[in-house]
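Asker:
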Ligand SMILES: *[C@@H]1O[C@H](CO)[C@@H](O)[C@H](O)[C@H]1NC(C)=O
């Protein structure tokens, strides 16, 4: 996962000269005036990446075989059952281990990753321990392990196929509101597109999509139909942990949570991929420990660092309320358990300096 998504700057190296000069036709005409220099560069590279995807792959229609290679992995107890996606509907609905009346959690891996790597499995196991949900993992390894721009192109085909399965499950009796997609990195945009296709097919929205540090390259400042967006489900919550490197810059959901300011660097991490995956690891922890992460609504990280955020608190992750709106900030520990409870809503150095001031005043009195 670390490899090709690495630094956004690497994007520049991929691009043939013609594409570098290509007008950013797919970039929305939003005001970029308030962006920093680094953000501006990132936005331009992302636009160029989309131009590559459009120019090189828009006519490519031979994804059929790759889509057929997709699999659905069902977690039953500690056992993983793998079905080709074409037979998944029949297999799931004919087994007692899939309970159509329960909520279904669908975990989607990212670029250069697979359904049974550590982080997606950790999420699945955390849900599995509750014995309350159907837990599925999407395996789109063949589609999402290509050259990054081609993987981005394939992500949409993966999402369409997944939406088809979800629509069939809904036809069979699953409530759309009980379908919750969780996407890691590029998987977050797969989830977004699956939500768009589901809405197209069924005329209603999925219950929830959770974006776990949605991929930034190719998606930052894209139009809402080109990436995960708050309209893709009844509730879209997003956790940011590696902004400006592998993660998207801007808020995408109804509620956006910024771990330690959203990164790019997370405490205890050296490699960007470590920071990138921290969002998913924190989410998995929240499933087991629902009150571990409390965030506070804030204008930005600078305000957080000055402890001037107000008192609009929100639980992040598993326990996040569907009515939450806005941008929320929190601190986390460098090692598991990452959650700090309410302590995470306060900037520590500020607390210390307040205490110091207080002591200074005492000294003055003395
Ligand atoms: C919050 O901070 C207090 C005081 O430092 C500490 O005793 C407590 O364990 C902390 N709580 C969490 C959840 O880390």
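Residue numbers (mature numbering (1 follows the signal peptide of the UniProt record, and there is no 0)): -21 to -1, 1 to 345. For each residue, glycine too, the CB sits at the ideal point set by N, CA and C.
Classify residue 81 as helix, strand or coil using the three-state DSSP reduction.
Answerer: Residue state, collapsed to three classes: coil.
Asker: What ranges does the alpha helix (DSSP H) occupy inside the region 21 to 82, keeping only unbroken runs of at least 4 residues that lie completely in it?
Answerer: The region 21 to 82 contains these whole alpha helix (DSSP H) runs: 43 to 47 and 64 to 72.
Asker: Starting from residue 273, follow the beta strand (DSSP E) in both directions and report where the run begins and ends.
Answerer: Counting along the chain, the beta strand (DSSP E) containing residue 273 begins and ends at 273 to 276.
Asker: So, using beta-carbon positions, are residue 216 and residue 189 closer together than 8 Å?
Answerer: Result yes, Cβ atoms of residue 216 and residue 189 sit closer than 8 Å.
Asker: Please name the residue, chosen from 136, 149, 152 and 154, that lies closest to residue 171 on a Cα-to-Cα basis.
Answerer: For the residues 136, 149, 152 and 154, the minimum Cα distance to residue 171 belongs to 136.
Asker: Only counting runs of 3 or more residues, tell me where the beta strand (DSSP E) segments fall wholly within the region 129 to 166, in order along the chain.
Answerer: DSSP runs (the beta strand (DSSP E)) wholly in the region 129 to 166: 158 to 163.
Asker: What does DSSP give as the partner residues of residue 293 in its beta bridges?
Answerer: Bridge partners of residue 293: 274.
Asker: For residue 191, count neighbouring Cβ atoms within 10 angstroms of its own Cβ and tell me buried if that reaches 16, exposed if not.
Answerer: Answer is buried; the Cβ neighbour count reaches 16.
Asker: Examine ligand 1 and report whether any of its heavy atoms sits within less than 7 Å of the Cβ of residue 319.
Answerer: Yes; taking the cut-off as 7 Å, the Cβ of residue 319 has a heavy atom of ligand 1 nearer than that.
Asker: Could you name the residues of the same chain whose beta carbon sits closer than 6 Å to that of residue 132, not counting the 5 residues immediately before and after it, in chain order?
Answerer: Contacts found: 32 and 36.
Asker: When the distance is taken between beta carbons, is residue 166 closer than 8 Å to residue 233?
Answerer: Taking 8 Å as the Cβ cut-off, residue 233 and residue 166 do not qualify as a contacting pair.
Asker: Compare the beta carbon distance of residue 365 and residue 307 with 8 Å and say whether it is the shorter of the two.
Answerer: Nothing can be reported for residue 365: it is not among the residues displayed for the chain, which extend from -21 to 345.
Asker: In this structure, what does DSSP give as the bridge partners for residue 88?
Answerer: BP columns for residue 88 are empty, so no partner.
Asker: Assuming residue 168 and residue 85 make a contact with CB atoms under 8 Å, what is their CB distance in whole Å?
Answerer: In fact, because the Cβ distance is near 14 Å, the residues do not count as touching under 8 Å.
Asker: Who pairs with residue 117 in a beta bridge, going by DSSP?
Answerer: Per DSSP, 51 and 87.
Asker: Check whether the Cβ of residue 322 lies closer than 7 Å to any heavy atom of ligand 1, and answer yes or no.
Answerer: Yes - ligand 1 has a heavy atom lying nearer than 7 Å to the Cβ of residue 322.
Asker: By the DSSP assignment, the alpha helix (DSSP H) with residue 326 in it spans what residues?
Answerer: No alpha helix (DSSP H) holds residue 326; DSSP gives it neither H nor E.
Asker: Excluding the 5 residues preceding and the 5 following residue 121 in the sequence, name in chain order all residues of the same chain whose CB lies nearer than 7 Å to its CB.
Answerer: Around residue 121: 45 and 48.
Asker: What did DSSP end up calling residue 260 once you bin it into helix, strand or coil?
Answerer: Looking at residue 260 - three-state DSSP - the assignment turns out to be helix.
Asker: What do you reckon, are the CB atoms on residue 142 and residue 112 nearer than 8 Å?
Answerer: No, these two residues do not count as a Cβ contact at 8 Å.
Asker: Should residue 256 be counted as a contact of ligand 3 given a C-beta to heavy atom distance under 7 Å?
Answerer: Only ligand 1 can be found as ligands here, which leaves ligand 3 out of the picture.
Asker: Could you work out which residue in 163, 313, 247 and 187 is closest to residue 430 when comparing CA atoms only?
Answerer: Given that the chain is displayed from residue -21 to residue 345, the structure contains no residue 430 and the question cannot be resolved.
Asker: Of the residues 77, 295, 79 and 279, which one's Cα is nearest the Cα of residue 288?
Answerer: The option with the nearest alpha carbon to residue 288 is 279.
Asker: Is the region 194 to 208 touching the region 14 to 33 in the sense that three or more CB pairs, one from each, lie closer than 8 Å?
Answerer: Result yes; three or more Cβ-Cβ pairs closer than 8 Å.
Asker: Could you have a look at residue 105 and say whether DSSP puts it in helix, strand or coil?
Answerer: Residue 105: helix per DSSP, three-state reduction.
Asker: Report yes if the C-beta distance between residue 258 and residue 101 is below 8 Å; otherwise report no.
Answerer: Contact flag unset, no.
Asker: How would you write the range of the beta strand (DSSP E) that residue 351 sits in, first residue to last?
Answerer: With the chain covering only -21 through 345, there is no way to say anything about residue 351.
Asker: Taking 8 Å as the cut-off, decide whether the C-beta atoms of residue 310 and residue 323 are in contact.
Answerer: In contact: residue 310 and residue 323 (Cβ atoms closer than 8 Å).
Asker: Rounded to whole angstroms, what is the Cα-Cα separation between residue 305 and residue 128?
Answerer: Straight-line Cα distance between these residues: approximately 31 Å.
Asker: State the CB to CB distance for the pair residue 152 and residue 79, rounded to an integer number of angstroms; the pair is presumed to be in contact (CB under 8 Å).
Answerer: Indeed they touch by this definition, with Cβ atoms about 5 Å apart.
Asker: What's the call for residue 361, buried or exposed, on a 16-neighbour Cβ count within 10 Å?
Answerer: No answer is possible for residue 361: it lies beyond the span of the chain, which begins at -21 and ends at 345.
Asker: Under a three-way DSSP split, which group does residue 235 fall into?
Answerer: Residue state, collapsed to three classes: strand.
Asker: Which word fits residue 107, buried or exposed, when buried means at least 16 other C-beta atoms lie within 10 angstroms of its C-beta?
Answerer: That one is buried.
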